[in-house]
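Please read the structure below before turning to the comments.
Protein chains: 2
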Amino acid sequence: MKPIRIGVVGLGKIAKDQHLPAIRSNERFELAATVERSGATSAINFPSYNEMLHSADRLNAVAITTPPGPRYAIARDCLDAGLHVLLEKPPTATLAEIEDLRERAANRGLTLFATWHAQHNAAVAEAAKLLSGRRVEQMKIVWHEDVEKWHPGQRWIWEAGGFGVFDPGINAFSIASLIFPGSLFVSQAELFFPEGADTPIAADIRFESPASGGSLECSLDWRHASGEEWTIQLSTDDGKSASLLDGGARLLVDGKPHPVEGLGEYPDIYRRFAELIQRRQSQVDVVPLRMVADCLLVGSRRLAARRI
Amino acid sequence: MKPIRIGVVGLGKIAKDQHLPAIRSNERFELAATVERSGATSAINFPSYNEMLHSADRLNAVAITTPPGPRYAIARDCLDAGLHVLLEKPPTATLAEIEDLRERAANRGLTLFATWHAQHNAAVAEAAKLLSGRRVEQMKIVWHEDVEKWHPGQRWIWEAGGFGVFDPGINAFSIASLIFPGSLFVSQAELFFPEGADTPIAADIRFESPASGGSLECSLDWRHASGEEWTIQLSTDDGKSASLLDGGARLLVDGKPHPVEGLGEYPDIYRRFAELIQRRQSQVDVVPLRMVADCLLVGSRRLAARRI
Numbered sequence: 001m002k003p004i005r006i007g008v009v010g011l012g013k014i015a016k017d018q019h020l021p022a023i024r025s026n027e028r029f030e031l032a033a034t035v036e037r038s039g040a041t042s043a044i045n046f047p048s049y050n051e052m053l054h055s056a057d058r059l060n061a062v063a064i065t066t067p068p069g070p071r072y073a074i075a076r077d078c079l080d081a082g083l084h085v086l087l088e089k090p091p092t093a094t095l096a097e098i099e100d101l102r103e104r105a106a107n108r109g110l111t112l113f114a115t116w117h118a119q120h121n122a123a124v125a126e127a128a129k130l131l132s133g134r135r136v137e138q139m140k141i142v143w144h145e146d147v148e149k150w151h152p153g154q155r156w157i158w159e160a161g162g163f164g165v166f167d168p169g170i171n172a173f174s175i176a177s178l179i180f181p182g183s184l185f186v187s188q189a190e191l192f193f194p195e196g197a198d199t200p201i202a203a204d205i206r207f208e209s210p211a212s213g214g215s216l217e218c219s220l221d222w223r224h225a226s227g228e229e230w231t232i233q234l235s236t237d238d239g240k241s242a243s244l245l246d247g248g249a250r251l252l253v254d255g256k257p258h259p260v261e262g263l264g265e266y267p268d269i270y271r272r273f274a275e276l277i278q279r280r281q282s283q284v285d286v287v288p289l290r291m292v293a294d295c296l297l298v299g300s301r302r303l304a305a306r307r308i
Numbered sequence: 001m002k003p004i005r006i007g008v009v010g011l012g013k014i015a016k017d018q019h020l021p022a023i024r025s026n027e028r029f030e031l032a033a034t035v036e037r038s039g040a041t042s043a044i045n046f047p048s049y050n051e052m053l054h055s056a057d058r059l060n061a062v063a064i065t066t067p068p069g070p071r072y073a074i075a076r077d078c079l080d081a082g083l084h085v086l087l088e089k090p091p092t093a094t095l096a097e098i099e100d101l102r103e104r105a106a107n108r109g110l111t112l113f114a115t116w117h118a119q120h121n122a123a124v125a126e127a128a129k130l131l132s133g134r135r136v137e138q139m140k141i142v143w144h145e146d147v148e149k150w151h152p153g154q155r156w157i158w159e160a161g162g163f164g165v166f167d168p169g170i171n172a173f174s175i176a177s178l179i180f181p182g183s184l185f186v187s188q189a190e191l192f193f194p195e196g197a198d199t200p201i202a203a204d205i206r207f208e209s210p211a212s213g214g215s216l217e218c219s220l221d222w223r224h225a226s227g228e229e230w231t232i233q234l235s236t237d238d239g240k241s242a243s244l245l246d247g248g249a250r251l252l253v254d255g256k257p258h259p260v261e262g263l264g265e266y267p268d269i270y271r272r273f274a275e276l277i278q279r280r281q282s283q284v285d286v287v288p289l290r291m292v293a294d295c296l297l298v299g300s301r302r303l304a305a306r307r308i
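Chains as they are written, first to last, in our numbering: chain A, 1 to 308; chain B, 1 to 308.
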């Protein structure tokens, strides 16, 4: 089989640390182009995605790793140019945009893959298997980190469409929606906005589900200078417990480590992308983005005691 | 044909002014039950929907006209009891809830009808026909009214999940999404929150569309004490113009009145509900609710110069 010649649009930290190594280590792919406005001096770099579409040699696919705002227009033009498209999370700024891309890909017989990297931890799949068919007594999501460490000096996270604490929180939603054995509905959300910010710095969320009569809670907080905690703990009414630690990387079952083996998040994403392209299928899960939207629809607004 | 025995859950202003008369004037329906917690003394009234489900005689369908918050649970239980369900707008508080109801209705072979009353104006269908296949040069939506006139003393509109100015604004979205000849994407939204309110009192919105290179704007405002203006004006690049006035009730084409005939909003809703039940089909258009969610996802937040 000929390799899939792929371009990477947006050479930020996530592209350099995760996408490029995962592409280079997968023999089904060949890195054929990158797009970075300035700074990149490689022979395959283009200053804009339009120049890439016009001038790159025999592209088959693109991975779009820019911030969410411009993703829709780039993805639309790449699909219109006949390329398979992979999107970093969150796939687009709005729900209407991702639905439009889904239809475009289907109409053109192309693969659209809206990725949620946290879902590609082997421990997450294992937790989903373990919880399947059970009733949940309690769920507690804690997603705490220091915004200064993970987004130093970045303004876009506070601006309209920048998602705020939902930028990391949507990773928790992507895991919870996958492993929870039933529908999850946002019933309450308390959103904390710093003065002058369009997006929240913290959120306390309550869920309801037909698969649970118990307490289903989530705390997202960007004000934890003392390191990060990314955990999802569930207990079931037959006395089992499952805890995902480190953003889905590790699983405890009934308090004991439950080792699992997998490729790792981004290598598994590109394994799946190659499979989807071969089968001419798309994978577009809008649920995590819809959960953010539902938090905003039912959310109460508080002023956070912190300036940005 | 035997009439469809219908219950009406929630006897507020909209139920008494619109739903009950429309049901009584449609021979396909027979009003078999109402639900009002207190006050109603009729022989077919029940103090709760659960008592209606247990005790009402041979129900076939329900219309749910409560505020949006409790609609999901009521609709779910009514579908589970084997009833066809009609929902006032907006259908539910969150997008996850309406998707769940859609699946439940499909699994049970029942009709779910998420209504948008403004779409049932004959002038709206006529405007859609007129604009079909054209390119839009400009769209201007103005939805201005006095909140004190339309929601006197009501608190729920300002509380989390209460929609604020999107409660009337979603009517404009339901029309615009139907008549606009292409996809509409929310690209910017400026939301004005009164101090102490969880929902906005005004919103300035900009759209984009592949079907237009021009300006697509919307102004929602609840601070107009001098009467209401509910208009949608479009002009096309071949020189046509269409204006919907009075919330979709009247149509001007190229500035001249364009008379149309129809049943009126609610009689047409019940005509369509009977048709859907007969065909065992559902009609669930989530686009207007998704447009509100998209406004919140990309919206910037301002303090409104008005207390509530």
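The C-beta atom is built at its ideal place from N, Cα and C for all residues, glycine as well.
If you reduce the DSSP assignment to three classes, tell me which class residue i lands in.
i       : result
E88(A)  : coil
S42(A)  : coil
W116(B) : coil
M52(B)  : helix
I64(B)  : strand
P237(B) : The amino acid occupying residue 237(B) in the given sequence is Asp; Pro does not appear at that position. Coil, per DSSP.
E148(B) : helix
H230(B) : Note on residue identity: the sequence assigns Trp, not His, to residue 230(B). Reduced to three states, the DSSP call for W230(B) is strand.
F185(A) : strand
L191(B) : strand
S300(B) : strand
D285(B) : coil
D204(B) : strand
K2(A)   : coil
G153(B) : coil
To the nearest angstrom, report how far apart residue i and residue j are at their CA atoms.
i       : j       : result
V362(A) : R223(A) : Outside the displayed span of chain A (1 to 308) sits residue 362(A), for which this structure offers no information.
T41(A)  : P21(A)  : 18 Å
E30(B)  : K2(B)   : 9 Å
L251(A) : K16(A)  : 28 Å
P152(A) : I308(A) : 12 Å
L178(A) : Q119(A) : 7 Å
L234(A) : L297(B) : 29 Å
L210(A) : A63(B)  : Note that residue 210(A) corresponds to Pro in the displayed sequence, not to Leu. About 23 Å.
P288(B) : N171(B) : 8 Å
W116(B) : A106(B) : 20 Å
E190(B) : D204(B) : 5 Å
T66(A)  : F173(A) : 21 Å
R28(A)  : F207(B) : 40 Å
Using 8 Å as the limit for Cβ to Cβ distance, is residue i near chain A?
i       : result
V85(B)  : no
D237(B) : no
T34(B)  : no
E97(B)  : yes
T312(B) : Absent from the structure is residue 312(B), since the part of chain B shown begins at 1 and ends at 308.
R102(B) : no
A211(B) : no
D198(B) : yes
A93(B)  : yes
S219(B) : no
R301(B) : yes
A173(B) : Checking the sequence, you will find Phe at residue 173(B) rather than Ala. For F173(B), the answer is no, since every Cβ of chain A falls outside 8 Å of its Cβ.
V147(B) : no
Which whole-angstrom value is the C-beta distance of residue i and residue j, which I expect to be below 8 Å?
i       : j       : result
A293(A) : A293(B) : 4 Å
V124(B) : T236(B) : Not confirmed; about 17 Å, so no contact.
L312(B) : F113(B) : Absent from the structure is residue 312(B), since the part of chain B shown begins at 1 and ends at 308.
G169(A) : L220(A) : 4 Å
Examine chain B for any beta-carbon lying closer than 8 Å to the beta-carbon of residue i, and answer yes or no.
i       : result
A293(A) : yes
H297(A) : His is not the amino acid found at residue 297(A); the sequence shown has Leu there. So, interface residue.
T115(A) : no
R290(A) : yes
A160(A) : yes
S183(A) : yes
Decide if residue i is buried, meaning its Cβ has at least 16 other Cβ atoms within 10 Å, or exposed.
i       : result
A305(A) : exposed
P91(A)  : buried
Q18(A)  : buried
A225(B) : exposed
L303(B) : exposed
H84(A)  : buried
D167(A) : buried
A43(A)  : exposed
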